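The sequence shown begins at 351 in the working numbering and counts up by one. Think of the CB as a built atom: it goes at the ideal place given N, C-alpha and C, for glycine as much as any other residue. None of these values were measured; they are calculated from a predicted model.
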Amino acid sequence: MAIEIHWIRDDQSLAEHCRNWHELPFVAVDTEFMRVDTFYPKAGLVQIGDGQRAFLIDPLLIGDWQPLAELLEDSRVVKVLHACSEDLEVLLRLTGKLPQPLFDTQLAAGYLNLGFSMGYSRLVQEVLGIDLPKGETRSDWLQRPLSDTQVSYAAEDAVHLAELFSVLRPRLSDDKYAWVLEDGAELVAQLRREVEPESLYRDVKLAWKLAPQQLAVLRELCAWREREARNRDVPRNRILKEHSLWPMAKSQPNNLSALARIDEMHPRTIRQDGEFLIQLIQRAASLPPEQWPPALPEPLPIEAAGILKQLRAIGQAEGERLGIAPELMLRKKALEALLKSGYPNGPYQLPDSLRGWRRERMGQALLDSLAGAGETR
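Below, the structure is given as structure tokens:
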């Protein structure tokens with residue numbers, strides 16, 4: 351079956367189509383982009399599906415994204431995407447807005463227990479019985495003209511995504527549908543909470559082994575690396591390799607030859623930024639103690655694995671009751687945060703990351719389980 355394709359190559363055409371899409375109950379949204387040598391994704395195409403047709407928006411020719419921004423924020427129109435974290439970045443970069451309400455078909459598949467983290471082709475095969483041609487994901491989406499294969503691949507994505515919604519939505523109970531939208535809103539909220547560069551040092555592997563003075567250096571290195579990656583629009587590791595951060599904070603090199611001996615230190619980094627990095631390290635290392643970050647908590651000991659398993663079992667049992675993929679129930683990070691809040695002897699506090707329906711349905715059971723574990727130890 352031939353797909354009806356409409357190209358949108360100017361601002362006026364985009365505004366007219368957006369006016370029509372505001373009248374629909376939902377639109378499917380997909381993007382194609384390149385992200386090889388850049389920090390930010392570069393949009394090559396934005397696809398909209400209305401259930402029958404595919405609309406291909408050429409971002410290289412659009413100047414005014416306001417109409418699409420307004421559509422993304424129209425609460426009456428559900429936006430349907432699949433495994434969409436990178437698509438959200440593309441849309442935010444183009445329009446300054448994020449879709450709400452957001453229905454992620456990958457999440458919906460998990461809520462229907464069809465599978466967790468299911469790829470798009472597999473979901474289309476499973477739900478619609480359609481075998482998609484092998485992807486064009488490695489294509490150059492910034493080339494013009496796009497090949498016929500690229501165009502049909504992009505158009506099929508938009509049309510089948512709309513079809514997926516039409517089939518999956520009626521299978522979801524009202525509760526589960528609300529939970530899919532809740533999780534979609536959470537994805538959007540995570541992206542809106544832009545990470546403070548000064549907080550990134552906490553995510554560095556083994557950062558907990560550093561003393562507060564060394565953490566002060568790590569904090570400045572991570573913040574500088576993040577800001578430079580954004581400003582220069584290059585990947586973080588092009589600025590400074592991930593594996594170099596910890597040894598630099600630990601040994602605090604004070605000259606270029608000491609810097610060159612750091613793990614995975616690229617000669618280009620020394621040439622471009624070496625002198626600056628040595629000054630940055632010296633400046634951060636000489637901060638007064640009241641400006642040092644507090645020591646980071648140690649990871650949970652191996653003995654805690656049994657308790658984590660016990661907590662995960664609460665989610666799995668609830669998932670079985672509700673017919674939801676177990677991986678969607680309780681996220682590992684939330685359980686670890688819960689355990690860290692009071693390990694080993696309590697009292698424990700539910701972390702902020704455990705919210706919404708999960709907190710309502712399982713929060714008390716988790717706390718009761720930890721109280722019981724405390725009594726048996």
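CA nearest to the CA of residue i, picked from the options
| i | options | result |
| --- | --- | --- |
| G656 | R577, E686, A645 and E640 | E686 |
| A728 | T619, D623, L627 and R618 | As displayed, the chain neither begins before 351 nor continues past 727, which places residue 728 out of reach and without an answer. |
| L442 | A634, L421, W642 and L565 | L421 |
| S636 | E677, A566, Y527 and L482 | A566 |
| R403 | E513, S425, E536 and A459 | E513 |
| A645 | P697, A610, R588 and A561 | A561 |
| H356 | E506, Q456, G413 and Q493 | E506 |
| I620 | P639, S594, S601 and Q641 | S594 |
| A508 | G401, S425 and G479 | G401 |
| R385 | N604, P651 and R586 | R586 |
| L473 | Y461, R552 and T455 | T455 |
| V428 | R575, G534, Q397 and A654 | G534 |
| I664 | P697, G624, L650 and G713 | G713 |
| N605 | E614, W596, Q632 and R580 | Q632 |
| T445 | I412, Y461 and G465 | I412 |
| R671 | N463, K484 and W558 | N463 |
| F405 | K484, H510 and I480 | H510 |
| C572 | W596, W558 and N581 | W596 |
| A458 | P617, D524, Q397 and L482 | D524 |
| V538 | L658, P617 and A433 | A433 |
| P697 | A721, L590 and Q450 | A721 |
| F466 | E668, A675 and E576 | A675 |
| V584 | P391, P638, I407 and D408 | P391 |
| R359 | V377, E576, I612 and P409 | P409 |
| D423 | P375, I407 and K447 | For the record, residue 423 in the displayed sequence is Glu; it is not Asp. Of the candidates P375, I407 and K447, the one whose C-alpha sits nearest the C-alpha of E423 is K447. |
| Q450 | P483, H372, I407 and D498 | H372 |
| K682 | N695, S703 and G692 | S703 |
| W642 | A419, E625 and Q564 | Q564 |
| E476 | A654, R611, L518 and F453 | L518 |
| F383 | W558, A654, S363 and Q493 | Q493 |
| N370 | P417, A393 and A352 | P417 |
Simplified DSSP state of residue i, which is helix, strand or coil
| i | result |
| --- | --- |
| I589 | helix |
| T445 | helix |
| E686 | helix |
| W415 | coil |
| Y551 | helix |
| R357 | Note that residue 357 is Trp in the sequence shown, not Arg. Here W357 sits in strand by DSSP. |
| Y527 | helix |
| Q362 | helix |
| E578 | helix |
| G706 | helix |
| G673 | coil |
| P562 | helix |
| Q699 | coil |
| S691 | coil |
| Q602 | coil |
| A352 | coil |
| S425 | coil |
| D613 | coil |
| M679 | coil |
| V545 | coil |
| V538 | helix |
| E420 | helix |
| V584 | coil |
| L373 | It should be pointed out that residue 373 corresponds to Glu in this sequence rather than to Leu. Residue state, collapsed to three classes: coil. |
| L556 | coil |
| A721 | helix |
Cβ separation of residue i and residue j, assumed to be a contact under 8 Å, to the nearest whole Å
| i | j | result |
| --- | --- | --- |
| Q660 | S719 | 6 Å |
| L395 | W529 | Not confirmed; about 31 Å, so no contact. |
| L630 | E570 | 6 Å |
| L680 | R662 | 6 Å |
| V379 | L431 | 5 Å |
| T381 | V440 | 4 Å |
| D361 | D414 | 4 Å |
| E536 | W707 | No, E536 and W707 are not in contact; Cβ-Cβ is about 11 Å, not under 8 Å. |
| L568 | V545 | 16 Å between Cβ atoms; not a contact. |
| V377 | I407 | About 12 Å separates the two Cβ atoms, so there is no contact after all. |
| R711 | E668 | 6 Å |
| S658 | L700 | Strictly speaking, residue 658 in this sequence is Leu, with Ser absent from that position. In fact, because the Cβ distance is near 15 Å, the residues do not count as touching under 8 Å. |
| R575 | I589 | 5 Å |
| E648 | W558 | 5 Å |
Sheet register partners of residue i (DSSP bridge)
| i | result |
| --- | --- |
| T392 | Before going further, note that residue 392 is Lys rather than Thr in the sequence given. Per DSSP, M384. |
| Q397 | D380 and L406 |
| F453 | V430 |
Identify every run of the alpha helix (DSSP H) within the segment 617-658, keeping only runs that are complete inside it and at least 4 residues long; order them along the chain.
Complete alpha helix (DSSP H) runs here, min 4: 617-635.
Could you tell me which uninterrupted alpha helix (DSSP H) segments, each at least 4 residues in length, are contained entirely in the segment 462-525, listed from first to last along the chain?
The segment 462-525 contains, as complete alpha helix (DSSP H) runs of 4+ residues, the segments 470-478 and 498-521 (chain order).
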